[in-house]
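Engineer:
Protein chains: 2
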Amino acid sequence: MKKPILFLAMILAGATYGAAKDQSRDPYTEPADTATVDTSGWAALSGPTRLTWTPGDKHYRQFATPEVTQCSDTIVNAWRGERLGLEALLISHEGCGPVKVSLSPLQRAGKSVAAPGSQASLMRYVITTAYNTCGYPSADLPTYTVPDMIDLPGTDAAIPAKSVRPVWVTVEVPRDIAPGDYTMTLTASAASTGKTVATARLQVNVAPNTLPAPKDYAFYLDMWQQPYAISRYYDVEPWSDAHLEKMAPYADMLARAGQKAVSVILFYEPWGEQSNDKFEPMVETVRTKDGKWKFDFSVLDRYVKFMADHGVDEVLECFTMVPWQPQYRYRDAATDSLKFIECKPGSPEYKELWTAMLQSLTSHLKQKGWYDKTEIVMDERGLPDMLAALNVAQTAVPGLKMALAGNYHKELVDTLQSYTMIKGEFFPESVLNKRRAKGQRSILYTCCATPAPSQFSNSAPADGAYLPVYATATGFDGYLHWSFNNWTDHPMTDTRFHMFAPGDTYFVYPDGRTSVRYERMVEGIQMSEKIRLLREELENRQDLAGLQLLEQALLPIRTGAMTSYYPTSAVVSDLHKSLDVISRRVAQ
Amino acid sequence: MKKPILFLAMILAGATYGAAKDQSRDPYTEPADTATVDTSGWAALSGPTRLTWTPGDKHYRQFATPEVTQCSDTIVNAWRGERLGLEALLISHEGCGPVKVSLSPLQRAGKSVAAPGSQASLMRYVITTAYNTCGYPSADLPTYTVPDMIDLPGTDAAIPAKSVRPVWVTVEVPRDIAPGDYTMTLTASAASTGKTVATARLQVNVAPNTLPAPKDYAFYLDMWQQPYAISRYYDVEPWSDAHLEKMAPYADMLARAGQKAVSVILFYEPWGEQSNDKFEPMVETVRTKDGKWKFDFSVLDRYVKFMADHGVDEVLECFTMVPWQPQYRYRDAATDSLKFIECKPGSPEYKELWTAMLQSLTSHLKQKGWYDKTEIVMDERGLPDMLAALNVAQTAVPGLKMALAGNYHKELVDTLQSYTMIKGEFFPESVLNKRRAKGQRSILYTCCATPAPSQFSNSAPADGAYLPVYATATGFDGYLHWSFNNWTDHPMTDTRFHMFAPGDTYFVYPDGRTSVRYERMVEGIQMSEKIRLLREELENRQDLAGLQLLEQALLPIRTGAMTSYYPTSAVVSDLHKSLDVISRRVAQ
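Heads up: the protein sequence lines correspond to chains A and B, in order. For the first sequence, my numbering assigns the number 696 to the last residue and increments by one with no breaks. For the second sequence, my numbering assigns the number 696 to the last residue and increments by one with no breaks.
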């Protein structure tokens with residue numbers, strides 16, 4: 109362990125751990141919404157604090173009169189193994205003291221059934237704006253708050269008069285539960301006395317259909333990870349045990365969603381200004397005194413093993429042979445200092461460096477038994493650069509798998525193991541079929557350039573569920589987002605970054621808090637899995653009418669239907685209903 | 109016949125027939141392309157004039173070096189009853205004197221088979237610009253020419269040196285022909301001597317599958333007709349025998365495409381400035397001396413009978429209860445002059461006028477046996493106006509069918525017999541299903557507000573085929589365009605209008621000339637019919653694998669895939685190939 113520690117000590121040069129760098133870990137104060145909202149209807153909501161189920165298809169503004177119909181009893185359909193996300197709303201005309209929420213076990217015929225992972229939590233408001241594109245939003249944009257963050261179970265919050273507090277309920281339906289109708293009770297109670305403030309009843313109708321374990325999802329989820337935001341936020345040494353401990357909840361969340369790829373960083377900072385925290389390399393690149401390249405893979409090994417321990421180990425995605433800036437950092441042994449080599453793909457220096465890196469990496473990964481799951485990523489740059497990089501890689505290690513998230517290039521579609529295009533672009537049908545036949549992956553991504561549906565903190569909540577299903581229904585194998593946890597300076601309270609739409613850089617919050625966007629994305633991935641399994645089953649049964657039902661149900665999402673009168677929430681809700689019908693058909 | 113003549117004389121007041129009003133009927137001179145094009149490759153094309161088949165997926169510029177591979181022998185697959193459109197290209201480095209083209213009969217085993225309606229024609233260049241949106245294009249926009257017009261068979265043109273001349277070949281595969289492989293020869297010959305300049309061979313592989321007669325197409329085509337552009341262009345009295353004679357080719361073209369609706373104009377000029385020729389009413393509205401409303405339907409009868417004689421008689425679409433300007437012209441019997449009444453939908457005057465009109469119209473149409481096929485159209489205006497009009501209509505004639513081409517209004521989707529929305533909008537799935545179950549029609553339209561794919565003279569030729577299939581594949585029952593023959597001042601040469609993208613106002617040219625856009629639209633409608641018939645047949649056979657093939661083939665068009673690397677031409681071509689495969693499967 110001597111070498112990694114040396115390496116770690118080296119890459120941390122310049123950062124002082126142990127001293128707070130900013131206020132990100134100040135005592136938590138939920139931001140107050142200072143925007144003007146419609147409060148005219150509160151009079152009609154007088155009386156004690158209520159609790160109601162809501163469709164969860166909008167962000168309930170904290171002080172606006174909520175337009176909900178009271179519903180304290182609801183029914184949802186689920187498959188075994190499904191993670192359900194439901195939203196309830198505390199509505200208080202008079203206001204009340206600190207309230208917490210809790211969820212009973214599943215109940216059936218007077219008996220309790222444990223459903224580990226099921227829980228109820230208050231939702232928390234975070235700052236956003238209406239910005240929904242790329243570029244640099246003005247710091248003066250009006251802000252407002254949305255309840256995107258799902259707090260840890262057991263926390264409480266006081267409810268001011270004439271305000272709402274959304275509540276998130278997660279039900280993890282056990283994979284081995286007996287099919288049937290179960291009930292649960294959501295209870296809001298006074299934090300101080302434990303006295304019940306309000307309750308709401310939930311009936312979960314569990315179908316005999318079973319979702320696979322997330323590890324076995326066919327849906328390819330790829331959320332790029334950012335370990336260095338976590339080490340910065342908690343002020344811990346990268347790759348220390350403390351760091352891994354802080355990262356564990358996020359690895360678990362990724363695993364629960366069916367994440368396939370581990371983001372391996374080969375060289376310092378592939379993405380420049382879009383990284384709030386700089387990405388340190390997971391490989392130490394050293395130029396020896398005699399001018400040779402040497403590599404140390406101990407951090408890589410540590411991260412890959414960590415992710416595998418948490419269930420994410422299908423692909424090692426290595427960044428990047430064509431970075432934003434054509435420069436690569438290394439330690440110069442002669443001077444014991446960090447230096448950069450700047451070289452264009454295809455240049456002799458580039459060829460020498462990357463040949464050494466890829467051959468050494470390959471040899472190491474083969475030793476570890478990981479080579480077959482490794483893919484070398486290129487960022488979208490000019491085609492000549494990408495072709496040159498490809499050439500260097502294939503000369504150094506013939507058959508090495510390559511990946512790209514970028515534009516369509518007919519020169520690359522035959523070669524790339526993983527090809528990711530922005531929502532709105534499509535592979536020609538014959539290309540898609542050929543790629544699939546070869547076991548190559550075709551993925552869809554969204555980012556700041558896809559205003560809606562998208563995954564910003566200001567996006568419609570249903571967008572999160574819509575996107576994975578859209579990917580599946582339109583022929584892609586999965587969904588990619590470039591930033592799962594690229595935290596802002598104050599991730600607990602403010603989703604704005606100096607670039608992009610707010611929230612575009614992270615889906616999850618500190619201390620293992622999830623978000624509406626994470627939960628709804630899981631919902632969409634599960635729908636994708638249902639579609640796949642239902643189709644397989646209907647094909648096995650040669651149930652043509654059932655298959656036609658399924659095709660018909662997918663039509664709206666295939667067309668990308670999304671208008672003011674047919675928003676993603678309606679499209680997703682229609683699809684849920686259809687899948688329920690087909691699930692029952694198949695369960696018979 | 110006294111009354112109609114009186115009425116006709118009256119509506120023509122102010123127009124002087126028999127005197128040429130403009131140069132539209134000057135001797136034809138094809139416009140020369142004065143735009144700069146790439147001529148650098150002509151040297152490689154030296155030698156005698158060539159004739160080659162082309163994919164027809166671009167507009168071959170007259171003087172640009174054509175990027176085509178020589179192909180003087182090609183094979184196409186067809187169903188019986190299919191109208192094939194193929195493009196060939198004469199390429200002349202040296203130039204040559206006037207050339208004409210001709211097409212042999214279908215040949216098989218040494219025998220000729222007549223294929224009436226099959227023909228070869230030179231294509232003609234018309235003026236366009238790159239404008240592709242709504243509004244008023246600047247008159248200064250650079251122009252260029254595209255070979256959109258398909259000339260009448262037998263005409264000739266000289267070919268300047270270093271220029272091309274596209275040729276259109278129509279093959280009407282007889283519905284009762286024996287399946288099998290046929291050949292045809294396309295010949296270009298000197299107009300003066302008859303000497304052959306070049307030939308190209310075509311093999312038509314006729315499948316056993318048969319398309320229905322166009323009248324029996326399920327696809328709902330609605331191209332709004334403009335009789336008054338034709339009477340103006342030919343300077344003939346509206347509704348005279350001469351007028352009907354000039355309109356006959358267009359009625360036939362519409363019938364061949366499967367047109368369902370007859371455009372009936374109830375009041376003077378529903379659309380204002382977007383009509384180059386003002387629409388005269390087909391109903392004479394008279395206010396009698398005692399203040400009563402009286403109506404004369406003789407022109408309506410004449411037009412409806414004319415269209416029915418040509419095979420278009422499924423729906424009488426009556427324009428419009430909510431016109432662009434809320435005014436209605438009538439003849440005031442007291443003063444024997446034309447007057448306008450201006451009244452908002454729902455006002456007492458509106459109610460009185462429209463109640464009288466609709467009750468009188470209904471009584472007349474019932475007498476004729478046409479009432480059940482009648483629909484009263486509204487133009488898109490504010491919802492209160494539309495609801496008021498609906499209310500007046502349903503009070504006057506309960507159950508009278510109504511139609512709208514406009515935005516989505518949840519208040520109207522239950523009621524309207526025909527509901528047409530712009531491409532890009534979608535009915536919610538449940539709404540679409542409910543409407544279909546009730547026998548209501550849901551239609552897609554394009555116009556100046558749909559830049560691509562669209563039906564402008566500058567649109568990609570494949571767009572014409574793409575749009576009908578897109579409508580079918582995304583759940584609509586058909587396709588609507590607001591202007592089949594709203595001719596410009598010089599329709600033979602210049603497709604520009606003072607509004608809109610060039611060509612948006614007409615699909616067909618004088619003297620019965622069709623266009624690439626018309627022909628490719630027919631291609632798309634035929635594809636839609638094939639999809640319907642193949643699906644029916646596969647369902648009958650419970651051929652699940654075949655149905656999945658079909659669904660897969662429809663995926664690209666459903667997603668609206670259309671990018672620079674996957675243009676409509678590739679999407680259409682992929683779909684043709686898939687339909688050929690499935691046709692063969694079904695034919696077995």
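Even glycine gets a Cβ: it sits at the ideal position worked out from N, Cα and C. Fair warning: this is a prediction, and the values are worked out from it, not measured in the lab.
For chain A, is any of its Cβ atoms less than 9 Å away from the one on residue 527 of chain B?
Structural biologist: Answer no: the Cβ-Cβ gap between residue 527 of chain B and chain A never drops below 9 Å.
Engineer: Could you check whether residue 497 of chain A and residue 486 of chain A sit closer than 9 Å to each other, using their CB atoms as the reference points?
Structural biologist: Yes, these two residues count as a Cβ contact at 9 Å.
Engineer: Is there at least one Cβ from chain A nearer than 9 Å to residue 518 of chain B's Cβ?
Structural biologist: For residue 518 of chain B, the answer is yes, since a Cβ of chain A falls inside 9 Å of its Cβ.
Engineer: According to DSSP, is residue 448 of chain A part of a helix, a strand, or is it coil?
Structural biologist: If DSSP states are grouped into helix, strand and coil, residue 448 of chain A belongs with the strands.
Engineer: Using DSSP bridges, identify the partner residues of residue 258 of chain B.
Structural biologist: Residue 258 of chain B pairs with B/231, B/622.
Engineer: To be precise: take each residue of the stretch 658-690 of chain B, compare its Cβ to all Cβ atoms of chain C, and keep it if any distance is under 7 Å. Which residues remain?
Structural biologist: Absent from the structure is chain C; the protein chains it does hold are A and B.
Engineer: Whose C-beta lies closer than 8 Å to the C-beta of residue 182 of chain B among residues of the same chain, with five residues either side of it excluded?
Structural biologist: Contacts found: 161, 194, 308, 309, 310, 311.
Engineer: Can you tell which of A/159, A/431, A/350 has its C-alpha closest to the C-alpha of residue 382 of chain A?
Structural biologist: Cα-wise, what sits closest to residue 382 of chain A is A/431.
Engineer: Counting contacts by CB-CB distance shorter than 9 Å, is residue 642 of chain A in contact with chain B?
Structural biologist: No, residue 642 of chain A lies away from the interface with chain B (no Cβ there is under 9 Å from its Cβ).
Engineer: Among residues of its own chain, excluding the 5 on either side of residue 360 of chain B, which ones have a beta-carbon nearer than 7 Å to its beta-carbon?
Structural biologist: These residues qualify, in order along the chain: 418.
Engineer: Please list, in chain order, the residues of the stretch 528-561 of chain A that have any C-beta partner in chain B closer than 9 Å.
Structural biologist: Flagged, chain order: 532, 533, 534, 535, 536, 537, 538, 539, 540, 541.
Engineer: Where residue 483 of chain B and residue 528 of chain B are concerned, what is the direct C-alpha to C-alpha distance, given to the nearest angstrom?
Structural biologist: Looking at the two C-alpha atoms, the distance is approximately 13 Å.
Engineer: Nearest to residue 238 of chain B by alpha carbon, out of B/149, B/323, B/604, B/544?
Structural biologist: For the residues B/149, B/323, B/604, B/544, the minimum Cα distance to residue 238 of chain B belongs to B/604.
Engineer: Select from A/596, A/230, A/628 the residue whose C-alpha is nearest the C-alpha of residue 681 of chain A.
Structural biologist: Among A/596, A/230, A/628, the Cα nearest to that of residue 681 of chain A belongs to A/628.
Engineer: Considering only the alpha carbon of each residue, which of B/289, B/189, B/369, B/257 lies closest to residue 551 of chain B?
Structural biologist: Per the Cα distances, B/369.
Engineer: Which of the three DSSP states is assigned to residue 207 of chain B in this structure?
Structural biologist: In the structure shown, residue 207 of chain B sits in a strand (DSSP, three-state: E or B).
Engineer: Check distances from the C-beta atoms of the stretch 578-598 of chain B to those of chain A and list, in chain order, the residues that come in under 8 Å.
Structural biologist: The stretch 578-598 of chain B vs chain A, Cβ under 8 Å: 582, 583.
Engineer: With residue 574 of chain A as the anchor, note down where its beta strand (DSSP E) starts and where it stops.
Structural biologist: Where residue 574 of chain A is concerned, there is no enclosing beta strand (DSSP E), although the alpha helix (DSSP H) it sits in stretches over 571-581.
Engineer: Mind checking if residue 652 of chain A is an interface residue toward chain B, Cβ cutoff 9 Å exclusive?
Structural biologist: Answer yes: the Cβ-Cβ gap between residue 652 of chain A and chain B drops below 9 Å somewhere.
Engineer: May I ask which residues mark the beginning and end of the alpha helix (DSSP H) holding residue 686 of chain A?
Structural biologist: Its alpha helix (DSSP H) spans residues 676-695.
Engineer: Give me the chain B residues within the contact set of residue 352 of chain A, using Cβ-Cβ distance strictly less than 9 Å, ordered along the chain.
Structural biologist: Simply none; closest approach about 42 Å.
Engineer: Just to confirm my understanding: we take residue 557 of chain A, look at its own chain, exclude 5 residues before and 5 after, and list those with CB closer than 8 Å. What are they?
Structural biologist: Answer for residue 557 of chain A: 241, 242, 530, listed in chain order.
Engineer: Pull out every residue of the stretch 318-352 of chain A whose Cβ sits closer than 8 Å to any Cβ of chain B, in chain order.
Structural biologist: Those would be none; no residue qualifies.
Engineer: Could you tell me how far apart the beta carbons of residue 564 of chain B and residue 612 of chain B are, in whole angstroms, since I believe they sit closer than 8 Å?
Structural biologist: Correct: roughly 5 Å between the Cβ atoms.
Engineer: Is it buried or exposed, residue 246 of chain B, if we count other Cβ atoms within 10 angstroms and call 16 or more buried?
Structural biologist: Exposed: under 16 other Cβ atoms inside 10 Å.
Engineer: Compare the Cα-Cα distances from residue 251 of chain A to each of A/191, A/532, A/675, A/235 and report the closest residue.
Structural biologist: Nearest of A/191, A/532, A/675, A/235 to residue 251 of chain A, Cα basis: A/235.
Engineer: Would you kindly check if the distance between the Cβ of residue 149 of chain A and the Cβ of residue 173 of chain A is under 9 Å?
Structural biologist: Contact flag set, yes.
Engineer: Going by beta-carbon coordinates alone, are residue 618 of chain B and residue 411 of chain B separated by less than 9 Å?
Structural biologist: Not closer than 9 Å, so no.
Engineer: Residue 647 of chain B versus chain A: which residues are under 9 Å apart at the beta carbon?
Structural biologist: Chain A residues near residue 647 of chain B: 652, 653, 656.
Engineer: To the nearest whole angstrom, what separates the beta carbons of residue 441 of chain A and residue 395 of chain A, a pair I think is in contact under 8 Å?
Structural biologist: Rounded, the Cβ-Cβ distance is 6 Å, consistent with contact.
Engineer: Taking 9 Å as the cut-off, decide whether the C-beta atoms of residue 180 of chain B and residue 306 of chain B are in contact.
Structural biologist: Yes, these two residues count as a Cβ contact at 9 Å.
Engineer: Whole-angstrom Cβ separation of residue 632 of chain B and residue 575 of chain B, contact assumed at under 8 Å?
Structural biologist: Residue 632 of chain B to residue 575 of chain B, Cβ: 6 Å. Contact.
Engineer: With 16 other CB atoms within 10 Å as the buried threshold, where does residue 132 of chain B fall?
Structural biologist: With a pLDDT of 47 at residue 132 of chain B, under the threshold of 50, the predicted position of this residue should be treated as unreliable, though the coordinate-derived value follows. Classification of residue 132 of chain B: buried, given that the 10 Å Cβ count is 16 or more.
Engineer: Around the C-beta of residue 152 of chain B, are 16 or more other C-beta atoms found within 10 angstroms, so that it is buried, or is it exposed?
Structural biologist: Exposed, since its Cβ has fewer than 16 Cβ neighbours within 10 Å.
Engineer: Specify, as a first and last residue, the run of the beta strand (DSSP E) that residue 382 of chain A falls within.
Structural biologist: Looking at the DSSP string, residue 382 of chain A is not in any beta strand (DSSP E), and its letter there is neither H nor E.
Engineer: Residue 249 of chain A: buried (16+ other C-beta within 10 angstroms of its C-beta) or exposed?
Structural biologist: Label assigned to residue 249 of chain A: exposed.
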